[in-house]
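Notes to accompany the following structure.
2 protein chains.
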Amino acid sequence: MTNAFLPAIEAEINRQQMGTAPSELYDPIRYLMRLGGKRIRPVLCLMSYSLFKSDWEKVVPSALSIEIFHNFTLMHDDIMDKAPLRRGKATVHEKWNDNIAILSGDVMLVNAYQYLNQCAHLNLQAYQHLLTRFNRTAAEVCEGQQMDMNFESRTEVSVEEYIEMIRLKTSVLIGLSMEMGGILAETDLATSQALYAIGEAVGLGFQLKDDLLDVYGDPAKFGKQVGGDILANKKTYLLIRAFETATGDHLAELTDWVQRPDAIPQDKIQAVTALYNKLGIREETETKINAYFEHAFRAVETLNIATEKKSALRHFMAGLVDREV
Amino acid sequence: MTNAFLPAIEAEINRQQMGTAPSELYDPIRYLMRLGGKRIRPVLCLMSYSLFKSDWEKVVPSALSIEIFHNFTLMHDDIMDKAPLRRGKATVHEKWNDNIAILSGDVMLVNAYQYLNQCAHLNLQAYQHLLTRFNRTAAEVCEGQQMDMNFESRTEVSVEEYIEMIRLKTSVLIGLSMEMGGILAETDLATSQALYAIGEAVGLGFQLKDDLLDVYGDPAKFGKQVGGDILANKKTYLLIRAFETATGDHLAELTDWVQRPDAIPQDKIQAVTALYNKLGIREETETKINAYFEHAFRAVETLNIATEKKSALRHFMAGLVDREV
């Protein structure tokens, strides 16, 4: 059944109903939604729903609302980050312009709410609870993006602050994806909250895996330039922990690479990676990632569902931790 | 009763619940919401609700959702228009920066939905209808803004296109304000649609009045620079009709003023205003405004409500057409 989720989501994206005119407003939405991606969030939502009920096809539009919301955040974040590329293609503000990317993003957010508005099987209380959770999570994602921007102009960021930032920017939405599956399946509150906690832990592990792959990914498979975060001095989990761990010559060397504006890119990537290796940052990050996923796996075990349902969910989650891209 | 609406709305704005951190995200929302304004949309919503039911206090949060949405559009439009001032104060992107204005605006839109989510008295079908209408209108407002931006780079815009643009950018939301009052009061569909039509007509007249005041407003009362639209060659109803009406020397003179980049501001304002006068543009615009309001007044008469309710609504609408600011 799990294999049917992704095609169903892609089919719904191809049917996606929005306006048509002005084309400047709606073309960018179609463009971004069809750039692909793993569709992790709606798949997790359908998977979560399927733990309790079999008629998952009827909640595909609701699941898609999270993917539309996620793509809305990408469209606006790319403006703020002045990112030229998204999934190897020109970002919307590059292909069109900033104003169009602002306004198309706004319509996407509205469109996400309209997809969410297609779950006629819930009672009013459950639907309002779903919306309250969606709204709170949406605000948190914006809070995470603002924290991320604030970090850029700061010299020091603690691991705790960094984890809180990625929790808000990434994990809460993955948590909501799982929780929404439960709410749509009309589980009790304790269960939907447990599903949220599973998704939130998965999301934290998932984001740290992103940080790790940016340094240690296989260049043949990774799709982006390996070492991009190092070049940009991005305050990732790896760099923050390296600064917290390094002493003496290691600290001086790391500080020097970060402060040298004229560094040759490949030299800098090699040197900082070598420092990470000496400081045990790779192993430490892998341990941290595994801890988040183990936490999620244990929480899955406590759910009151059949064993084979748990296996399917664990299998999908394992794919997120073992991924190479 | 009508006099109680505005204080109730202002009190709700002062209580407005949002997050607190990061402050860069939430301070701009409080700043913009408290710059003032006539609060026409939520007042119309409460007025519309009160035509049918007396317990209007309970729908103040729902009414506020429209004002929050309206302010969200102002925050994002001001970025796109590179506007330095809003209600005589620095715009959010000027006081903070573009990125903060994008992201704060996004949270405002989410916040609008959360205020809309406080009408627990509706049944699910009515609530989903309300959301569908809100979503459609929100998308239309964005369509109107995109049309407006498209017009800037075009040499010719017809009156029909202009009216459609202001209908989308301004009138549909005023229509929704009235319609929402009906939906919240659980009127039948025909009635809520009639309320929408009244609001839409009022909105068209209201926007044309804005165009008119920009040229013919009393400088002592207007608050903005009279003639600002003329200086910016803004394709308002007045300029479009002037170009459609003018012939011979008048057309040559109008074209000349519009194309002269080094014109002395006061000379240009005086000359174009004089041309408007010769061409009868002021009277024509006033006739058009009155026609929209007359249409709305007649529609009010057909509502199945008590005579004194109609009077209160007409009185408020008359204030919108007679206003000098």
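Chain order of the listed sequences is U and G.
For what it's worth, our numbering labels the leading residue of the first sequence as 1, then goes sequentially.
For what it's worth, our numbering labels the leading residue of the second sequence as 1001, then goes sequentially.
C-beta atoms are modelled at their ideal positions from N, C-alpha and C, and glycine is treated no differently.
What distance in whole Å lies between the Cβ atoms of residue j and residue i, which are believed to be in contact at a cut-off of 8 Å?
{"i": "H1250(G)", "j": "K1278(G)", "result": "6 Å"}
{"i": "L1109(G)", "j": "L1122(G)", "result": "That belief does not hold up - the Cβ atoms of L1109(G) and L1122(G) are roughly 21 Å apart, past 8 Å."}
{"i": "D1078(G)", "j": "V1092(G)", "result": "7 Å"}
{"i": "L184(U)", "j": "Y49(U)", "result": "5 Å"}
{"i": "V1300(G)", "j": "I1240(G)", "result": "Contact doesn't hold; Cβ gap of about 29 Å is too wide."}
{"i": "P1265(G)", "j": "L1231(G)", "result": "6 Å"}
{"i": "N150(U)", "j": "E1024(G)", "result": "7 Å"}
{"i": "Y113(U)", "j": "Y1113(G)", "result": "6 Å"}
{"i": "I1029(G)", "j": "M1018(G)", "result": "6 Å"}
{"i": "I44(U)", "j": "I174(U)", "result": "Note that residue 44(U) is Leu in the sequence shown here, rather than Ile. Indeed they touch by this definition, with Cβ atoms about 7 Å apart."}
{"i": "G181(U)", "j": "M47(U)", "result": "7 Å"}
{"i": "V1141(G)", "j": "L1168(G)", "result": "7 Å"}
Drop a sphere of 10 angstroms on the beta-carbon of residue i, count the other beta-carbons inside from all chains shown, and report buried for 16 or more, exposed for fewer.
{"i": "R1039(G)", "result": "buried"}
{"i": "E1244(G)", "result": "exposed"}
{"i": "A1242(G)", "result": "buried"}
{"i": "Q1225(G)", "result": "exposed"}
{"i": "T155(U)", "result": "exposed"}
{"i": "P61(U)", "result": "buried"}
{"i": "T20(U)", "result": "exposed"}
{"i": "Q125(U)", "result": "exposed"}
{"i": "N14(U)", "result": "exposed"}
{"i": "E1143(G)", "result": "buried"}
{"i": "T191(U)", "result": "buried"}
{"i": "V107(U)", "result": "buried"}
{"i": "P1084(G)", "result": "exposed"}
{"i": "R1298(G)", "result": "exposed"}
{"i": "R133(U)", "result": "buried"}
{"i": "R1087(G)", "result": "exposed"}
{"i": "T137(U)", "result": "buried"}
{"i": "V325(U)", "result": "exposed"}
{"i": "G1280(G)", "result": "exposed"}
{"i": "G248(U)", "result": "exposed"}
{"i": "T287(U)", "result": "exposed"}
{"i": "K82(U)", "result": "exposed"}
{"i": "H70(U)", "result": "buried"}
{"i": "T307(U)", "result": "exposed"}
{"i": "E326(U)", "result": "Absent from the model: residue 326(U). The displayed extent of chain U is 1 to 325, so no value can be given."}
Give the interface partners of residue i over in chain U, defined as CB-CB distance under 7 Å, in chain order.
{"i": "M1149(G)", "result": "N99"}
{"i": "I1240(G)", "result": "Correct list: empty, because the minimum Cβ distance to chain U is about 18 Å."}
{"i": "I1079(G)", "result": "I102"}
Cβ closer than 8 Å: which chain G residues qualify as neighbours of residue i?
{"i": "P22(U)", "result": "E1143, Q1146, M1147, N1150"}
{"i": "H70(U)", "result": "None at all; the shortest Cβ gap to chain G is about 13 Å."}
{"i": "H76(U)", "result": "I1102, L1103, D1106"}
List, in order along the chain, the chain U residues whose C-beta lies closer than 9 Å to that of residue i?
{"i": "N1135(G)", "result": "V110, N111, Y113, Q114, N117"}
{"i": "L1189(G)", "result": "The contacting residues do not exist; L1189(G) stays about 17 Å from chain U at best."}
{"i": "T1132(G)", "result": "Q114, N117"}
Applying a beta-carbon distance threshold of less than 9 Å, which residues of chain G neighbour residue i?
{"i": "H93(U)", "result": "The contacting residues do not exist; H93(U) stays about 11 Å from chain G at best."}
What residues from chain U crowd round residue i, counting only those whose CB sits closer than 8 Å?
{"i": "L1124(G)", "result": "A120, L122, N123, L124, Y127"}
Under 7 Å Cβ-Cβ, which residues of chain G neighbour residue i?
{"i": "A83(U)", "result": "Those within 7 Å of A83(U) in chain G number zero; the least Cβ separation is about 13 Å."}
{"i": "A138(U)", "result": "V1110"}
Please specify which runs of the alpha helix (DSSP H), each continuous and at least 4 residues long, are wholly inside the stretch 1089–1122 of chain G, giving them in chain order. 1092–1095, 1098–1116
What are the residues of the stretch 96–109 of chain U that lie near chain G, defined by any Cβ-Cβ distance shorter than 7 Å? Residues N99, I102, L103, D106, V107, L109.
Alpha helix (DSSP H) segments (min. 4 residues) lying fully within the stretch 243–302 of chain U: Assignment of alpha helix (DSSP H) within the stretch 243–302 of chain U, counting only whole runs of 4 or more residues, yields 248–259, 265–279, 281–302 in chain order.
Segments of 4+ residues assigned as alpha helix (DSSP H) that fall wholly inside the stretch 1193–1229 of chain G: 1219–1222
Short of 8 Å Cβ to Cβ, which residues in the stretch 1016–1046 of chain G face chain U? M1018, G1019, A1021, P1022, E1024, L1025
4-residue-minimum alpha helix (DSSP H) runs that sit fully inside the stretch 9–55 of chain U, ordered along the chain: Unbroken alpha helix (DSSP H) stretches of 4 residues or longer found wholly inside the stretch 9–55 of chain U: 23–33, 40–50, given in chain order.
Which residues, taken in chain order from the stretch 1212–1233 of chain G, show a beta carbon closer than 7 Å to some beta carbon of chain U? none
Which ranges would you report for the alpha helix (DSSP H) in the stretch 1111–1183 of chain G if only whole runs of at least 4 residues count? 1124–1152, 1159–1166
Against chain G: residues of the stretch 52–67 of chain U by CB proximity under 7 Å: none
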